[in-house]
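Reading through the structure tokens given below for one structure.
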């Protein structure tokens, strides 16, 4: 049975972010009879700016709720009558998290707990939480908080009792052009003739916002509860991004910042023990007795990954070239971009 969000009420935490705006757009395009779409975030200016793009008179289902995921009571009030929660709110900047660790913990961990409690108390049917490749074998605080958040959402399925409720997680890599990512930074700096490179061998996964939205919709349609969905996406070298944006620029090696990895992982060797490969995605299944892994494999025409499998940005089979990165920038960041 295909996913149908028509006549459903949806709440998106962090709804004014890059993902939230793209998700809202996709929902209105695919499900024009959605009952209610609540954008829940703490920044009134971003909500005002978003309301200029999605005004209530043109999109009567949309609602803008000011609130912080740290505020459990406000979140619970916002979730009254909600069928689906997409949890995208997080503090994501690695250096900021290293410098302000408790603030990151309050939002990413305690905020996750508040989302779970609101879903349990308000009759929500489906919850999908956004995660990051930095949550796999984390070395920085941001990644550690998101790993903890992932564990909370997976374990929440053990607390639902007789409720018709599923919690699942989607984990993916860098979104090209999103706020704080390397692409807008390089675009701002290329006029100087010098682009700072942390390490010449550094690699990252790449995903578009559209692919991120598709992954969330896939999880909403197929999740049994407790899965971590991981997309098969290409990698890029940081030097190729620099070449794509400023081919004439000097690449200045500045060193890896605190909390950064040379390569990012999405599935570790330990994760692989419970990972199933599907056509477009990998799925890390929970280690719980109630899960029939063989039934899941049969149902989704999947297969177990081989012994010793791991999935990181350095051992990928698909790589973006500088020209492909330029095209990604034209498609998703700046239609008039020319290197």
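Residue numbers (this note's numbering): 1 to 339.
Glycine included, each C-beta is placed from N, C-alpha and C at the ideal position.
Excluding the 5 residues preceding and the 5 following residue i in the sequence, name in chain order all residues of the same chain whose CB lies nearer than 6 Å to its CB.
i           : result
residue 297 : 276
residue 332 : 176, 177 and 208
residue 256 : 198 and 199
residue 231 : 172, 215 and 281
residue 318 : 234
residue 219 : 128, 168, 170 and 229
residue 271 : 284
residue 193 : 249
residue 148 : 109
residue 221 : 3
residue 313 : 203, 204, 205, 235, 263 and 264
So residue i and residue j are supposed to be a Cβ contact under 8 Å. How far apart are they, rounded?
i           : j           : result
residue 20  : residue 39  : 7 Å
residue 205 : residue 292 : No, residue 205 and residue 292 are not in contact; Cβ-Cβ is about 30 Å, not under 8 Å.
residue 89  : residue 41  : 7 Å
residue 195 : residue 242 : 5 Å
residue 240 : residue 325 : 6 Å
residue 35  : residue 7   : 5 Å
residue 84  : residue 10  : 5 Å
residue 278 : residue 300 : 6 Å
residue 322 : residue 244 : 4 Å
residue 210 : residue 22  : 7 Å
residue 117 : residue 72  : 6 Å
residue 142 : residue 97  : 4 Å
residue 274 : residue 267 : That pair is no contact at about 10 Å.
residue 27  : residue 54  : With 8 Å as the limit, residue 27 and residue 54 do not qualify as a contact, their Cβ atoms being about 10 Å apart.
Considering residue i, what are the terminal residues of the alpha helix (DSSP H) in which it resides?
i           : result
residue 119 : 111-122
residue 25  : 18-30
residue 332 : 322-332
residue 103 : 101-105
Spatial neighbours of residue i within its chain, please: C-beta separation below 7 Å, excluding the five flanking residues on both sides.
i           : result
residue 201 : 262
residue 225 : 157, 166, 167 and 168
residue 139 : 259 and 261
residue 144 : 138
residue 345 : In the structure as shown, the chain begins at 1 and stops at 339. Residue 345 is therefore absent and cannot be evaluated.
residue 111 : 69, 70 and 89
residue 160 : 120
residue 150 : 131, 135, 169 and 228
residue 125 : 83, 84, 164 and 165
residue 184 : 177
Please classify residue i: is it buried, with 16 or more other beta-carbons within 10 angstroms of its beta-carbon, or exposed?
i           : result
residue 49  : exposed
residue 91  : buried
residue 2   : exposed
residue 248 : exposed
residue 182 : buried
residue 114 : buried
residue 253 : exposed
residue 203 : buried
residue 235 : buried
residue 131 : buried
residue 308 : exposed
residue 12  : buried
residue 14  : buried
residue 153 : buried
residue 286 : buried
residue 311 : buried
residue 237 : buried
residue 146 : buried
residue 335 : exposed
residue 213 : buried
residue 315 : exposed
residue 288 : exposed
residue 87  : buried
Excluding the 5 residues flanking residue i on each side, which residues of the same chain have their C-beta closer than 8 Å to its C-beta?
i          : result
residue 44 : 66
residue 16 : 39, 41, 43, 46, 47, 49 and 50
In the DSSP assignment, find the unbroken beta strand (DSSP E) run with residue i in it and report its ends.
i          : result
residue 9  : 9-13
residue 65 : 62-66
residue 42 : Per DSSP, residue 42 belongs to no beta strand (DSSP E) and is neither H nor E.
Using only the heavy atoms of the ligand SAM, determine whether one of them is closer than 8 Å to the beta carbon of residue i.
i           : result
residue 132 : This structure lacks the ligand SAM, and indeed carries no ligand of any kind.
Give a yes or no on whether the minimum CB-CB distance between residue i and chain B is below 9 Å.
i           : result
residue 264 : Given the protein chain composition of this structure (a single chain), no chain B is represented.
Taking only runs of the alpha helix (DSSP H) that begin and end inside the segment 273-314, which ones reach a length of at least 4 residues, in chain order? Those alpha helix (DSSP H) runs which fall completely within the segment 273-314 and span 4+ residues are 293-299.
Beta strand (DSSP E) segments (min. 3 residues) lying fully within the segment 178-264: Positions of the beta strand (DSSP E) runs, each at least 3 residues long and wholly inside the segment 178-264, are given as 194-197, 203-207, 228-231, 235-237 and 250-253 in order along the chain.
Return the chain-ordered ranges of every beta strand (DSSP E) run that is complete within the segment 132-176 and spans a minimum of 3 residues. The qualifying runs are 166-172.
Runs of beta strand (DSSP E) wholly within the segment 73-98 (minimum 3 residues, chain order): You should have 84-87.
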